[in-house]
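Numbering (UniProt numbering), first residue to last: 1 to 184.
Just so you know, even glycine gets a beta-carbon here, dropped at the ideal spot from N, CA and C.
Below is one structure, written out as structure tokens, with a few remarks after it.
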Amino acid sequence: MNMNDDVSHDAISLELCSSTTPHKGGGTSSHLCESQKSENGEDSSRNVDEGVSRLPLETFLLQRQRVSDKMLQARKRVEDHWEASVLETFNKALRQHGLLPPNPCPAAEHVNGQERHLLDREKQRVYSEFIRRSRMQLPEFVRLLRGETNFDSRPNKALEISSWNPSWNSYHHKSKWSNIVHHG
């Protein structure tokens, strides 16, 4: 297709061919084909990966899914550990000022078949008393709640810069995202 050709006249797309190729060791693989429809609607397809040895598509996708699942599990464990560490640090600060951590409060209750959202008055009371006793400024208190430290001042630890992801290189807003991750 010439660069000067009008794109609306010819549409090219990559798709899976309906045919598969059997392998010597058993199994089959689907082929990636380039399909081109011309102005008159004729369809001409050609095999893009002819002569190239590739993993079967299903195997490749399963491998990528397993890698992704393992990465998500590892990130979840790190996040859970981090949350427990932040909670322990905060509870330790409360105890240093003679306060017990607030008991958990449900977010909502059902009354006469309707959901009623609740405010955690116990948490409000404990946090307010902690700020009065510690004479901590509000920004410092928020940093304590978020788990920010001098070594890691990111306000939301769940956000990250995905430099390991191949699509990161072409992302147009890298600097904006980096600023959000590091400064909120």
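>> Out of Ser178, Lys92, Ser167, Ala107, which one is the CA nearest neighbour of serine 134?
In response: Lys92
> Quick one, are the C-beta atoms of histidine 182 and arginine 146 less than 8 Å apart?
Replying inline: no
> Between proline 104 and arginine 143, what straight-line distance do the alpha-carbon atoms span, to the nearest angstrom?
Replying inline: 21 Å
> Counting along the chain, where does the beta strand (DSSP E) carrying alanine 108 start and finish?
Replying inline: 108 to 111
> Since arginine 116 sits in a beta bridge, which residues does DSSP pair it with?
Replying inline: Glu109
>> Just to confirm the assignment, what range does the alpha helix (DSSP H) spanning arginine 146 have?
In response: 138 to 146
> Can the beta-carbon of proline 106 be found closer than 8 Å to that of leucine 118?
Replying inline: yes
> Buried or exposed: phenylalanine 130, going by 16 or more other Cβ atoms within 10 Å of its Cβ?
Replying inline: buried
> Cα separation between serine 162 and glutamine 114?
Replying inline: 42 Å
> Just the Cα atoms here: how many angstroms apart are proline 139 and glutamine 63?
Replying inline: 45 Å
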